[in-house]
Amino acid sequence: MSKASSTVPSETPKDGDRANLSRTFKYLLGTQFLSRGIPFIFNSWIVRHLTQEDYAVYAVQFHLFVTCVLFLSREGFRRACMRADIKFEGASAKDNAALLKVAWMSFPLGVVITIAGCVFVFWWQGLQHSDPYAQAILINGFACILELLAEPLYILSQTLFLLKLRLVVETLATFSRCVTMYILILNLTNMEKGIVFALSQAAYGACIFLGYWSYFLLFRAYRSSDLIPFRLGHMMNFDKQLSNMCMLFTLQSFRKLILQEGEKIVLVWLDTPYNQAVYGLVDKLGSLVVRLVFLPFEESSYSTFARSASGQSPNKSKNLGRRLTEALKLVLLIGLVFLAFGPSYSYCLIRLLYGQKWSDGEASTALRYYCLYIIVLAMNGTSEAFLHAVATENQLKRSNNSLLVFSLIYVALNVLLIRSVGAIGLILANSLNMILRIIYSAIFIKHFFQESSSFSFCSCLPSGWTILLLSGVATLISEKVFLDRENFWSSFFIHFCIGFAFFCTSAFVIYRRERPFINKIIRFRDHSD
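So that you can map any letter, position 218 of the sequence shown is 304 in the working numbering, and since no number is skipped, the others follow by simple counting.
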């Protein structure tokens with residue numbers, strides 16, 4: 087990794103890390119809220135205008151293709167480059183060039199993976215170039231290339247903490263994708279839906295490409311030679327330690343991809359378009375809180391853990407323990423809220439958003455199980471963020487080996503459970519997989535703090551969690567007693583009022599018991615940028 091370093095004046099390390107965490111979380115939360123909130127609103131409309139087969143293509147098949155290509159191409163580089171000790175505006179042009187030389191390696195890797203992905207889909211489905219589905223795959227591949235052309239600048243912007251840039255660019259790109267799809271579905275009704283979905287993804291990729299390049303060339307006064315810092319005779323002059331870390335994380339990303347998207351791979355491979363559509367609907371709805379809250383919090387926590395661990399403060403272990411405790415307590419608190427109230431209001435939410443056609447099917451039952459999955463997903467994200475931020479290279483290699491074992495178990499569970507309980511089986515397999523990964527991370531964390539009393543798992547459990555579980559039982563009883571699916575609206579009002587009363591009671595009790603912690607979370611916004 088690069089040895090360049092800089093300091094932020096007028097901030098102590100403790101205040102600086104807290105300010106960085108709050109600032110990073112604020113912008114990442116805003117980015118996720120806009121980039122996921124806009125599609126969520128749009129998704130409520132599109133579900134009513136597509137057949138189940140078309141929605142399966144949109145929500146599962148094309149999403150899986152794009153995610154696999156981009157995740158394998160860039161995830162390792164993002165993880166490794168964020169660990170590089172190049173910080174904020176104090177980074178020199180030489181530091182930026184060293185970082186960009188490594189970051190540009192993601193592009194040729196991405197081109198190879200994109201071509202391999204397209205060839206595999208053509209072979210697997212026996213496609214010809216004239217098939218609309220084949221054309222849509224090629225357009226999706228082109229969209230991935232556009233995003234990969236902007237990836238080095240994305241990495242540079244994250245290293246320089248240009249978080250507002252990501253917020254603006256991803257919001258505009260998401261809006262462009264939704265508007266493109268809306269216009270094509272309404273005005274070109276004869277166009278194949280797969281082509282429509284692919285063109286909207288290409289619009290997204292074009293906005294990402296134009297957004298980052300325009301910013302650095304027009305507003306930051308960078309020259310193209312600065313952003314592509316390769317010179318004849320010095321092509322192989324790059325940070326080899328950082329590039330090795332990128333390769334290590336990229337290898338890990340292959341295993342993480344199976345764990346992250348394995349259920350969709352099995353779903354497309356073994357199950358029907360209807361079950362694909364049901365899972366796609368529940369995943370987009372149920373994972374909204376994951377993408378809006380947990381994902382930005384995991385990214386900001388990883389960034390803060392990595393910077394804290396790279397410092398030389400004598401209180402490093404104590405500070406890491408405190409921040410890990412606060413991070414786990416927050417995600418546990420949010421997860422417990424969804425565990426308490428999610429299952430008893432899943433049917434109502436599906437009915438309100440997508441209509442009775444979806445709520446009376448398997449979707450509402452699948453969403454109930456997804457609420458149980460959210461809490462283990464939250465715990466795993468934060469605990470793994472800590473592991474990846476502070477682990478040594480040898481420890482990361484052992485983590486990679488464990489991920490391989492978990493991947494094999496996970497795929498086997500998916501295959502077994504999907505045959506017996508359909509889409510719900512995928513959620514159960516995901517939950518069991520997350521529990522195994524949490525156990526591995528917990529063992530690492532316990533070993534990391536074995537010579538320090540600065541961290542305890544018991545201190546991560548928020549006070550008042552029992553009142554949330556009691557509220558969950560009460561609202562389940564309310565659903566059984568009061569909610570009438572034939573007389574939905576009047577019975578829903580009674581059921582909603584009961585849940586709202588228990589929610590307010592739980593919030594009051596938890597605030598009384600966790601007032602200092604909650605006030606600290608609220609005061610995040612008081613930190614200056």
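Glycine residues also receive a C-beta, built at the ideal position from the N, C-alpha and C atoms.
Query: Please check the pair residue 364 and residue 447, which I expect to be a contact at CB under 8 Å, by giving their CB distance rounded to whole angstroms.; Result: 7 Å
Query: Helix, strand or coil: which one does DSSP assign to residue 276?; Result: coil
Query: For the segment 517-525 and the segment 452-468, state whether three or more C-beta atom pairs, one from each stretch, are separated by less than 8 Å.; Result: yes
Query: Between which residues of its own chain and residue 530 is the CB-CB distance below 6 Å, once the five residues before and five after are set aside?; Result: 473
Query: Can you tell me whether residue 333 is helix, strand or coil according to DSSP?; Result: helix
Query: Could you have a look at residue 309 and say whether DSSP puts it in helix, strand or coil?; Result: coil
Query: Run through DSSP, which three-state label would residue 357 get?; Result: coil
Query: Check whether the segment 379-395 and the segment 550-567 are in contact - that is, three or more C-beta pairs closer than 8 Å.; Result: no
Query: Tell me whether residue 494 sits in a helix, a strand or coil according to DSSP, three-state version.; Result: helix
Query: To the nearest angstrom, how far is the alpha carbon of residue 78 from that of residue 477?; Result: No answer is possible for residue 78: it lies beyond the span of the chain, which begins at 87 and ends at 615.
Query: Just checking, does the segment 529-546 make contact with the segment 581-592 on the three C-beta pairs under 8 Å criterion?; Result: no
Query: Assign residue 361 to one of two classes, buried (16 or more other C-beta atoms within 10 Å of its C-beta) or exposed (fewer than that).; Result: buried
Query: What whole-angstrom Cβ distance do residue 289 and residue 266 have, given they're in contact under 8 Å?; Result: 4 Å
Query: Between residue 209 and residue 220, what straight-line distance do the alpha-carbon atoms span, to the nearest angstrom?; Result: 11 Å
Query: Using a Cβ distance threshold of 8 Å, determine whether the segment 247-266 contacts the segment 224-231, with at least three qualifying pairs required.; Result: no
Query: So, for residue 415: in the same chain, excluding its five sequence neighbours on each side, which residues have a beta-carbon less than 7 Å away from its beta-carbon?; Result: 546, 548 and 603
Query: In three-state terms, what does DSSP make of residue 176?; Result: Because residue 176 sits at a pLDDT of 47, beneath the cut-off of 50, its placement in the model cannot be relied upon, and the following sentence gives the value as read from the coordinates. Helix, per DSSP.
Query: Using the Cβ count rule (16 or more neighbours within 10 Å means buried), how would you classify residue 44?; Result: Residue 44 lies beyond the stretch modelled for the chain, which goes from 87 to 615, so this question has no answer here.
Query: If you measure between the beta carbons of residue 166 and residue 335, is that distance less than 8 Å?; Result: yes
Query: Measure the C-alpha to C-alpha separation of residue 161 and residue 155 and round it to an integer number of angstroms.; Result: 10 Å
Query: Using three-state DSSP, classify residue 599 as helix, strand or coil.; Result: helix
Query: Write down the C-beta distance between residue 192 and residue 163 rounded to the nearest angstrom, noting that I regard them as a contact closer than 8 Å.; Result: 4 Å
Query: Specify the secondary structure class of residue 191 as computed by DSSP and reduced to three states.; Result: coil
Query: Can the beta-carbon of residue 283 be found closer than 8 Å to that of residue 222?; Result: yes
Query: Give me, in chain order, the residues of the same chain whose beta-carbon lies closer than 7 Å to that of residue 366; leave out the 5 immediate sequence neighbours on both sides.; Result: 141, 142, 145 and 146
Query: Can you tell me whether residue 138 is helix, strand or coil according to DSSP?; Result: helix
Query: Alpha helix (DSSP H) containing residue 403: first to last residue?; Result: 402-440
Query: Let's test the definition: count the other Cβ atoms within 10 Å of the Cβ of residue 190 and tell me whether it reaches 16, buried, or not, exposed.; Result: buried
Query: Which term fits residue 122, buried or exposed, when burial requires 16 or more other beta carbons within 10 angstroms of its beta carbon?; Result: buried
Query: With DSSP collapsed to three states, give me the class of residue 550.; Result: coil
Query: Less than 8 Å between the C-beta atoms of residue 453 and residue 371, yes or no?; Result: yes
Query: For residue 521 and chain B, any beta-carbon pair shorter than 8 Å?; Result: Of the protein chains in this structure there is only one, and it is not chain B.
Query: How many angstroms separate the CA atom of residue 516 from the CA atom of residue 132?; Result: 27 Å
Query: Could you give the residue range of the alpha helix (DSSP H) that holds residue 234?; Result: 218-235
Query: Pick helix, strand or coil for residue 571, following the three-state DSSP scheme.; Result: coil
Query: Less than 8 Å between the beta carbons of residue 251 and residue 301, yes or no?; Result: yes
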